[in-house]
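Visitor:
Here's what the structure looks like:
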């Protein structure tokens, strides 16, 4: 399964989500390929400093992350697109009907993942924890789907 995580700039939320999901997937032997991108991302920027710091407590090194914009090719390659907000979902839905959900929606909840950009480390840590908790639920869902194949 190819999963694309999407936020605005691909420096915080989607980058953290992809890195966390990658770790969870390895720990749970999930057959997934993970990408992240931003609706308005520039190509090749690094992750925000606080995003890098926030993921250190999970044993994840985000320092090598490089941003990329969402493209039609990325959308076509993915089986599942998880956005951080309803607004991101609405932008992508015309190109990705039936495979785009908000992260919290796919995890069985609702609402948006707030953007910590420009915030302090504590805000980033709170967002990282919210993403982590949702991804644990999503990983269980994916494991169930893959075990039924």
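Residue numbers (the working numbering): -7 to 141. Each residue gets a CB set at the ideal place from its N, CA and C atoms; glycine is no exception.
So, with DSSP's three-state summary, where would you put residue 26?
Guide: Note: residue 26 maps to strand in three-state DSSP.
Visitor: Would you tell me roughly how many angstroms separate the C-alpha atoms of residue 113 and residue 122, rounded to the nearest one?
Guide: The alpha-carbon atoms of residue 113 and residue 122 are separated by roughly 14 Å.
Visitor: In the DSSP assignment, find the alpha helix (DSSP H) that holds residue 73 and state where it starts and stops.
Guide: Not the alpha helix (DSSP H): residue 73 falls in the beta strand (DSSP E), residues 72 to 75.
Visitor: How many angstroms separate the CA atom of residue 136 from the CA atom of residue 99?
Guide: Using only the alpha carbons, I get a separation of about 13 Å.
Visitor: So what's residue 62 in DSSP terms, helix, strand or just coil?
Guide: Reduced to three states, the DSSP call for residue 62 is coil.
Visitor: Starting from the Cα of residue 68, find the closest Cα among 76, 91, 60 and give me that residue.
Guide: Cα-wise, what sits closest to residue 68 is 91.
Visitor: Which residues bound the beta strand (DSSP E) around residue 93?
Guide: Residues 92 to 94.
Visitor: Buried or exposed for residue 63, going by 16 or more other Cβ atoms inside 10 Å?
Guide: Classification for residue 63: exposed.
Visitor: Quick check on DSSP: helix, strand or coil for residue 42?
Guide: DSSP places residue 42 in helix when its eight states are reduced to three.
Visitor: Taking the alpha-carbon positions, what's the residue 43 to residue 85 distance?
Guide: In a straight line, the C-alpha of residue 43 is about 27 Å away from that of residue 85.
Visitor: Just to check my reading of the structure: residue -4 and residue 73 have Cβ atoms closer than 8 Å, yes? What is that Cβ distance to the nearest angstrom?
Guide: So it is a contact: roughly 5 Å between Cβ atoms.
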